[in-house]
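Residue numbers in the sequence shown follow my numbering, run continuously in steps of one, and reach 1629 at the last position.
Don't be surprised by glycine CBs; every beta carbon is placed ideally from N, CA and C.
The structure appears below as structure tokens.
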Amino acid sequence: MPIKIPNNLPAAKTLEKENIFTMKELRASHQDIRPLKIMLLNLMPTKEVTETQILRLLSNTPLQIDITLLHMSSHTSKNTSQRYLDTFYKDFSEVRGEKYDGLIITGAPVENLDFEQVDYWQEFCDIMKWSKKNVHSNLYICWGAQAGLYYNYGIRKYPLERKLSGIFRHRVLDPSSELVRGFDEEFWAPHSRYSTVKREDILACDKVELISDSETAGVFLVVSKSRRNIFITGHVEYDYNTLDSEYKRDIDKGLDIAIPENYYPDDDPSKTPVNRWRSHAHLLFSNWLNYFVYQQTPYDISKIKSQR
């Protein structure tokens, strides 16, 4: 089944070239079925790149999905034009009266700031508070995961001595969790961040469960005991060349940055990296949509219960 997207969204051309099943709004309006209402709060600077990555992962499911793109009105984007935002995105004031089956919160390049120093932190908190009564399931990614753990459970983030960047081996700690159903016992996933959450802090919180971690990259998948909040500390949505672009961008800025680990063949940045995480990325998003959203959210979306 397809993912429903705005008629002229630039990501549509990319997805269609990749043989991803998408459906324009006009055609979807003639299908007698209630699609899942999923909101994407896109905090990344390059909105079009990130939305394409997320939409690609949401498309690999038999469910029809109605996407709403959300941006922070309290932040002025330097990399995405206001015209693009006005055309394809909504701000919080336009959606706060709506109900959603799922909310995805992306990462953001603000790991070096305390949460309260981020210029849109208050708006972020307002959205998180609103989501408790108006969204069935939240999926947090990278900085979004750290911010969500802090907001919901008071779990802190800690600065790293240097950027964690690369593809890392992970292990499944709880194979009974539906979030990792079909996963190999070990799998690879990308990380790109300057901060981390500590395993002992996750284990000490009785409201969440650690599902997967990495000896090198640390905490990876965390699920709330209520099953309403999912936290991914890495970037499974990344394309094969995203870390390459970030690395070369940082080099051009003159930053003292290490080569991403386990990424380039022979650790040679002149060689093309290979995507080793795509299948698990698709499976992770499919499991979230199927087991934590579709099979749990009420058909009458107005009857979504408050999160605890």
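Supposed close pair residue i, residue j - CB separation, criterion 8 Å
| i | j | result |
| --- | --- | --- |
| Ser1486 | Ser1513 | 5 Å |
| Arg1483 | Ala1579 | 6 Å |
| Asn1455 | Glu1419 | 7 Å |
| Val1518 | Ile1476 | 6 Å |
| Val1557 | Ala1510 | 5 Å |
| Tyr1461 | Phe1552 | 5 Å |
| Tyr1584 | Ile1488 | 5 Å |
Cα-Cα separation between residue i and residue j, rounded to whole angstroms
| i | j | result |
| --- | --- | --- |
| Trp1464 | Thr1427 | 7 Å |
| Pro1619 | Ile1625 | 6 Å |
| Ile1448 | Tyr1474 | 16 Å |
| Ile1386 | Asp1577 | 42 Å |
| Leu1605 | Ala1429 | 21 Å |
| Asp1571 | His1603 | 28 Å |
| Pro1331 | Ala1525 | 44 Å |
| Ser1458 | Lys1478 | 23 Å |
| Phe1508 | Arg1492 | 7 Å |
| Gln1352 | Cys1446 | Its pLDDT being 43, under 50, Gln1352 is placed unreliably in this model, and the value from its coordinates should be taken loosely. For Gln1352 and Cys1446, the distance between alpha carbons rounds to 36 Å. |
| Ser1623 | Tyr1421 | 9 Å |
| Ser1627 | Tyr1568 | 42 Å |
| Leu1500 | Leu1494 | 12 Å |
| His1601 | Pro1581 | 20 Å |
| Leu1481 | Ile1375 | 27 Å |
| Thr1335 | Asp1527 | 43 Å |
| Lys1574 | Val1529 | 39 Å |
| Thr1563 | Arg1377 | 15 Å |
| Val1431 | Thr1371 | 16 Å |
| Ser1498 | Ser1402 | 41 Å |
Start and end residues, beta strand (DSSP E) containing residue i
| i | result |
| --- | --- |
| Asn1459 | Val1456 to Ile1462 |
| Tyr1585 | Run containing Tyr1585: none; DSSP gives neither H nor E here. |
| Tyr1515 | Glu1507 to Thr1517 |
| Thr1618 | Unbroken run through Thr1618: none, as it is neither H nor E. |
| Val1543 | Gly1539 to Ser1545 |
| Asp1577 | Segment: none, Asp1577 is in no beta strand (DSSP E) and carries neither H nor E. |
Proximity winner among the options, relative to residue i (alpha-carbon distances)
| i | options | result |
| --- | --- | --- |
| Lys1546 | Leu1531, Leu1406 and Tyr1559 | Leu1531 |
| Gln1616 | Lys1338, Leu1357 and Pro1331 | Leu1357 |
| Gly1555 | Leu1390, Ser1533 and Ile1476 | Ser1533 |
| Asn1400 | Glu1521, Glu1369, Asp1588 and Val1416 | Glu1369 |
| Arg1417 | Phe1436, Leu1434, Leu1391 and Pro1581 | Leu1391 |
| Leu1434 | Asp1588, Lys1574, Gln1467 and Ile1488 | Gln1467 |
| Ala1333 | Asn1363, Ile1388, Met1365 and Arg1355 | Ile1388 |
| Ser1566 | Arg1355, Leu1362, Thr1367 and Pro1327 | Thr1367 |
| Phe1436 | Tyr1472, Gly1423 and Leu1364 | Tyr1472 |
| Asn1550 | Ser1600, Val1614 and Lys1574 | Val1614 |
| Ile1289 | Met1360, Tyr1515 and Leu1364 | Nothing in the structure corresponds to residue 1289, since the chain is present only between 1322 and 1629. |
| Ser1515 | Ala1538, Arg1355 and Glu1521 | A small fix is needed here, since residue 1515 is Tyr in this sequence, not Ser. The shortest Cα separation from Tyr1515 among Ala1538, Arg1355 and Glu1521 belongs to Ala1538. |
Span of the alpha helix (DSSP H) around residue i
| i | result |
| --- | --- |
| Glu1567 | Thr1563 to Asp1573 |
| His1603 | Arg1599 to Asn1608 |
| Ser1486 | Careful: Ser1486 lies outside any alpha helix (DSSP H), inside the beta strand (DSSP E) at Tyr1479 to Val1493. |
| Phe1552 | Not the alpha helix (DSSP H): Phe1552 falls in the beta strand (DSSP E), residues Asn1550 to Ile1553. |
| Glu1369 | Lys1368 to Leu1379 |
Residue i: CB within 8 Å of a non-hydrogen atom of the ligand HEM
| i | result |
| --- | --- |
| Ala1332 | Looking for the ligand HEM in the displayed structure turns up nothing, as the structure carries no ligands at all. |
Taking 8 Å as the cut-off, does the segment 1387 to 1397 touch the segment 1434 to 1447 (at least 3 CB pairs, one atom from each stretch)? yes
Under 8 Å, with one C-beta from each stretch per pair, do the segment 1379 to 1395 and the segment 1604 to 1616 reach the 3-pair mark? yes
Would the segment 1582 to 1592 and the segment 1399 to 1416 be scored as touching if the rule is three or more Cβ pairs under 8 Å? no
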